[in-house]
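K.L.:
2 protein chains.
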Amino acid sequence: MSEPQAVSPAVSPDLVARAAALDAADGLAPLRGLFALNEGSVYLDGNSLGALPRHVPERIRDVMTRQWGELGIRSWTEGGWWTAPERIGDRIAPLVGAGPGQIVVGDSTSVNVFKAVVAAVRLADGDADEGGDAGADGGQERTELLVDATTFPTDGYIARSAARMTGRRIVPLDPAELPGALGPRTAAVLINHVDFRTGRLHDLPGITAAAHAAGALAVWDLCHSAGALPVGLDEHGVDLAVGCTYKYLNGGPGSPAFLYVAERHQGRFDSPLPGWNAHADPFAMAPGFVAADGAVRGRVGTPDILSMLALDAALDVWESVRMADVRAKSLALTDFFLECVTAYAPPGRVSSLTPAAHAERGSQVALRCPEAPAVMEALIARGVVGDLRRPDLLRFGFTPLYVGFADAERAARVLGEVLAGVPGEVSGEEPPGDR
Amino acid sequence: MSEPQAVSPAVSPDLVARAAALDAADGLAPLRGLFALNEGSVYLDGNSLGALPRHVPERIRDVMTRQWGELGIRSWTEGGWWTAPERIGDRIAPLVGAGPGQIVVGDSTSVNVFKAVVAAVRLADGDADEGGDAGADGGQERTELLVDATTFPTDGYIARSAARMTGRRIVPLDPAELPGALGPRTAAVLINHVDFRTGRLHDLPGITAAAHAAGALAVWDLCHSAGALPVGLDEHGVDLAVGCTYKYLNGGPGSPAFLYVAERHQGRFDSPLPGWNAHADPFAMAPGFVAADGAVRGRVGTPDILSMLALDAALDVWESVRMADVRAKSLALTDFFLECVTAYAPPGRVSSLTPAAHAERGSQVALRCPEAPAVMEALIARGVVGDLRRPDLLRFGFTPLYVGFADAERAARVLGEVLAGVPGEVSGEEPPGDR
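Just so you know, the sequences run in chain order A and B.
First residue of the first sequence? That's 1 in the numbering used here, and the numbers climb one at a time after it.
First residue of the second sequence? That's 1001 in the numbering used here, and the numbers climb one at a time after it.
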């Protein structure tokens, strides 16, 4: 493949020097050495697949050869396999601001969305039964499920199925419209904490409080915030939440998701997937289902041990990390990257969809570019690994544990070079750094 | 721990010699070398956790270090991660008598039971809508879901949830009563191919045909038959099936389950868990759900790659194996084990729950023994690894790929020794070999 005709922007000595200074002052910089990263490339796709922590393969070799191969079924008890879902949940808990006993790991995000949404609707039903509203309103039912229409689509698909199977109605809307749409008919809201396309961070405390004021439950999808920024599940009174572990938590491809059930709801958490792992006494193998106490009733079937223990190992990198430091670095990285893009990209070729306001920004930058497919292909060929969201989005994830400021400068510079070599239209939009 | 006071039964030279001759004539015997087995122990728990195929850890090391660590997200496309669920499904297909394109791998057995039962009810609804029965019968609805009451309990728990969420009624019954209970109200039946306690093999062709004659669908749970005996899903016209891959398929602890959707039902297979992986164009990330063609619509969320590719590697051991040979050896092993138990066990101390008739026997032997907990503990301490099903069952799985006849003789002999050393009551039941 011949190189595109590149008209390289001049390297900015100022940006290079600032990147070096920022990296030198970065308290998280030493963590980079814990990860396997390709020499000579910049990995900005940790919001899709987190990088491999170097120690994980050896841990999994032990899980396979010793725990499975030698100890065999004894590992279910003696090796802690059976309790891994709640034990690993308790390791994730402090990263999302949850006390212990409220998170279990297992199944995919989609399956957990189903559990959470159905359970939320049932909890809302119960609340209506117990309160006086239903009677006063003449049998008023909480018939509506408000769903972030800009969400990662699986949440919408699954919420629609949950609504169909619980006799509710889906109301898709923009998160900005959510507070106005809440009312006595609302059973629950399902919303992404950070939009997977734009990187916009939604107002978790405000929307949760608004849902509660309307008597509804708030279900949050933390796929793009868990491990990227402080979430504060307990502090903000979130009811239920789900999240992914293969992005900012580096659990490995398709590693199991997690489910948060606030302690106050656990006694009435009524799972649509009451598998034997959710039973109070699973090894009684009794014909009748009696739900376990606590978040454990969010479990379903036999836990997927290889993937689960890879995640367990991967979580070791968080041991001495404060999420406030992660957030500070994430915002500094995305600020700096946007500044570098403004400096290096030919004017008018890309525009940022990622909010400039820190309070509205997750840990990624999304650039709109009509030539995005060709541009991302060329970026990856030059070792700058982001990803494409069709039709026209360049997505760059900034994972503070292993991405530095020199990476951000280099990525923006290579983007400038690639854009110079890929023919394209100049839009009238303002450059990203000004938004 | 002091040894129990053992009064060893005399070794039977005849049984030892016959075991040696049977092992020498066993065409599957060379496969044993493919598995990591503890020297000096007899592993009869492959019906709970299949043994580790020796080559799997190295394959998973490659998945972690090269595919995840070096190639990263490129592995989703170039490395075949994305299509693993259907590709590995097609590898399992010949082992259960299914043509290609009908099996997907992913999620736990429990989650797949939910998909299959809900989909079956919806298919039955559709059949009623299309046929004349519903109208002629004055709005007759297929309101009942018949469920094997002796099944592994998770199936019953999940079926109850599926019934609740589709407005149906669960009818738990003994599999023997199933044919008589089928009728115009039956939407579907859910039954285990092999009972997890007794090892009884149910009549898949007969029950499936009876369900069809009643206009109902048959959903089979193959957890204890996939990889243990010929199933013949296509031949016998099974509608939907689920199965486990960590028992006789040796996929590793908690490895993902599989779902079979007969080709004729795929166009109307309506999943209660329509995650983005089931979408016709998942990477369009469109707000509306359009189901993919084929069994792929049984997928839900992002596949769990480490566990899935461990299973993929584990399936290599089946390459030159004919299921008819597996079945023949399995029956010979369980026959021989029962004979050895009769010879070695003190009279009246154990009784077999496993049917003597080959047509009714799976690939395990279940012995009832009032002292089962103490006996199994002592067996395991002496290197004979079976498992306990509370309160009084000793369960021994015979996995023909790596268990031999000398293992069966030794296990029965050690059982005899242990029983001699554990005080117990003698029951009036006949010895196992005579049943």
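C-beta: ideal position from N, C-alpha, C; glycine also.
Quick caveat: nothing in here was measured; it's all calculated off a predicted structure.
Is there a C-beta anywhere in chain B that falls below 8 Å from the one on A:Glu78?
P.N.:
No, A:Glu78 lies away from the interface with chain B (no Cβ there is under 8 Å from its Cβ).
K.L.:
Pick out the complete alpha helix (DSSP H) segments inside the stretch 9-48 of chain A, 4 residues or longer, and give them in chain order.
P.N.:
Taking only runs of at least 4 residues, the alpha helix (DSSP H) segments lying wholly in the stretch 9-48 of chain A are 13-24.
K.L.:
Could you check the C-alpha separation between A:Gly298 and A:Ala162 for me, to the nearest Å?
P.N.:
Going from the Cα of A:Gly298 to the Cα of A:Ala162 covers about 16 Å.
K.L.:
Where do the N-terminal and C-terminal ends of the alpha helix (DSSP H) with B:Gly1336 fall, by residue?
P.N.:
A small correction: the amino acid at residue 1336 of chain B is Phe; Gly does not occupy that position in the sequence shown. 1323-1344 is the span of the alpha helix (DSSP H), which, as asked, contains B:Phe1336.
K.L.:
Using the Cβ count rule (16 or more neighbours within 10 Å means buried), how would you classify A:Val290?
P.N.:
Its Cβ having fewer than 16 others within 10 Å, A:Val290 is exposed.
K.L.:
Let me see if you follow: with CB-CB separation under 8 Å, is B:Asp1407 close to chain A or not?
P.N.:
Chain A contact via Cβ: absent.
K.L.:
Are the C-beta atoms of A:Thr399 and some chain B residue less than 8 Å apart?
P.N.:
Cβ-Cβ to chain B under 8 Å: no for A:Thr399.
K.L.:
Could you tell me whether the Cβ atoms of B:Leu1044 and B:Gly1386 are closer together than 8 Å?
P.N.:
Contact: yes.
K.L.:
With 8 Å as the threshold, decide whether the Cβ of A:Pro347 is near any Cβ in chain B.
P.N.:
Output row for A:Pro347: interface = no.
K.L.:
Can you list the residues of chain B that A:Val385 reaches, using a CB-CB cut of under 8 Å?
P.N.:
Under the 8 Å cutoff, chain B gives Gly1072, Ile1073.
K.L.:
Tell me which residue opens and which closes the beta strand (DSSP E) that A:Ile103 is part of.
P.N.:
That run of the beta strand (DSSP E) goes 103-105.
K.L.:
Where does the unbroken beta strand (DSSP E) through A:Thr186 begin, and where does it stop?
P.N.:
Per DSSP, A:Thr186 belongs to the beta strand (DSSP E) from 186-192.
K.L.:
Quick test of your reading: B:Thr1354 and B:Gly1199, contact by CB under 8 Å. State the CB separation rounded to the nearest angstrom.
P.N.:
Yes, they are in contact, since the Cβ atoms of B:Thr1354 and B:Gly1199 sit about 4 Å apart, within 8 Å.
K.L.:
For the alpha helix (DSSP H) that B:Arg1169 lies in, which residues bound it at each end?
P.N.:
First-last for B:Arg1169: 1169-1173, but that is the beta strand (DSSP E), not the alpha helix (DSSP H).
K.L.:
Name, please, each residue of chain A whose Cβ falls closer than 9 Å to the Cβ of B:Phe1337.
P.N.:
Ordered by position in chain A, no residue passes the 9 Å Cβ test against B:Phe1337, which lies about 19 Å from the chain.
K.L.:
Using 8 Å as the limit for Cβ to Cβ distance, is A:Trp276 near chain B?
P.N.:
Chain B contact via Cβ: present.
K.L.:
Strictly below 7 Å CB to CB, what residues from chain A border B:Gly1301?
P.N.:
The contacting residues are Ser108, Thr109, Ser110, Val111, Thr154.
K.L.:
Okay, do the stretch 1330-1343 of chain B and the stretch 1015-1024 of chain B touch, 3+ Cβ pairs below 8 Å being the bar?
P.N.:
Taking 8 Å as the limit for Cβ pairs, the verdict is that the stretch 1015-1024 of chain B does touch the stretch 1330-1343 of chain B.
K.L.:
Check each residue of the stretch 1283-1314 of chain B: if its Cβ is closer than 7 Å to any Cβ of chain A, include it; give the result in chain order.
P.N.:
For the stretch 1283-1314 of chain B, which is checked against every Cβ of chain A, the residues closer than 7 Å are Phe1283, Ala1284, Met1285, Ala1286, Pro1287, Phe1289, Val1300, Gly1301, Thr1302, Pro1303, Asp1304, Ile1305, Leu1306, Ser1307, Ala1310.
K.L.:
Going by Cα to Cα distance, which pick from B:Ala1412, B:Met1308, B:Arg1413, B:Leu1401 is closest to B:Ala1051?
P.N.:
Ranking the options by Cα distance to B:Ala1051, first place goes to B:Leu1401.
K.L.:
Which chain A residues are close to B:Tyr1157, counting only those with a beta carbon under 7 Å from its beta carbon?
P.N.:
Per Cβ cutoff of 7 Å: Pro274, Gly275, Trp276, Phe289.
K.L.:
Quick one: complete beta strand (DSSP E) runs, 3+ long, within the stretch 1345-1420 of chain B?
P.N.:
The qualifying runs are 1364-1368, 1387-1389, 1393-1397.
K.L.:
Does the Cβ-Cβ distance between A:Leu273 and A:Lys115 come in under 8 Å?
P.N.:
Yes, the pair counts as a contact, with Cβ atoms nearer than the cut-off.
K.L.:
Mind listing which residues of the stretch 239-254 of chain A have their C-beta closer than 7 Å to chain B's C-betas, in chain order?
P.N.:
The stretch 239-254 of chain A vs chain B, Cβ under 7 Å: Gly252, Pro253, Gly254.
K.L.:
Short of 8 Å Cβ to Cβ, which residues in the stretch 1019-1040 of chain B face chain A?
P.N.:
Under the 8 Å Cβ criterion, the stretch 1019-1040 of chain B contributes Ala1036, Asn1038.
K.L.:
So if DSSP puts A:Arg445 in a beta bridge, which residue, or which two residues, is it bridged to?
P.N.:
Past the boundaries of the shown model lies residue 445 of chain A; chain A is included only from 1 to 435, so the question cannot be answered.
K.L.:
Taking Cβ-Cβ distances below 8 Å as the criterion, which residues of the stretch 1164-1186 of chain B are in contact with chain A?
P.N.:
Against chain A - using a Cβ distance shorter than 8 Å - the residues of the stretch 1164-1186 of chain B are Met1165, Thr1166, Pro1172.
K.L.:
Closer than 8 Å, Cβ to Cβ, to anything on chain A: give me those residues from the stretch 1079-1099 of chain B, in chain order.
P.N.:
Correct list: Trp1081.
K.L.:
Determine, using beta-carbon pairs with one atom in the stretch 1255-1269 of chain B and one in the stretch 1060-1079 of chain B, whether at least three such pairs fall under 8 Å.
P.N.:
No, they do not touch.
K.L.:
Let me know the secondary structure DSSP gives A:Phe269 once reduced to three states.
P.N.:
The answer is coil: DSSP assigns A:Phe269 none of H, G, I, E or B.
K.L.:
Can you tell me the Cα-Cα spacing of A:Arg122 and A:Tyr260, whole angstroms?
P.N.:
Those two C-alpha atoms are separated by around 16 Å.
K.L.:
Do you know how far the Cα of A:Ala345 is from the Cα of A:Glu430?
P.N.:
Below a pLDDT of 50, predicted positions are generally treated as unreliable, and A:Glu430, at 49, falls in that range; the measurement from the model is reported next regardless. Taking the straight line joining both Cα atoms gives about 12 Å.
K.L.:
Determine which residues of the stretch 51-71 of chain A have a Cβ less than 7 Å from any Cβ of chain B, and write them out in chain order.
P.N.:
Per Cβ criterion, the list reads Leu52, Val56, Pro57, Ile60, Arg61, Met64, Thr65, Trp68, Gly69, Glu70.
K.L.:
Against chain B, does A:Leu436 count as a neighbour if the rule is that its beta carbon must be under 8 Å from one of theirs?
P.N.:
As shown, chain A starts at 1 and ends at 435. That puts residue 436 of chain A outside it, with no answer to give.
K.L.:
Identify, in the order they occur along the chain, each residue of the same chain with its Cβ nearer than 8 Å to the Cβ of B:Ile1207, setting aside the five sequence neighbours on each side.
P.N.:
Excluding residues within five positions, the ones whose Cβ falls inside 8 Å are Pro1175, Leu1178, Pro1179, Val1189, Ile1191, Ala1218.
K.L.:
What first and last residue would you give for the alpha helix (DSSP H) that runs through B:Tyr1260?
P.N.:
Counting along the chain, B:Tyr1260 falls outside any alpha helix (DSSP H), though it belongs to the beta strand (DSSP E) covering 1258-1261.
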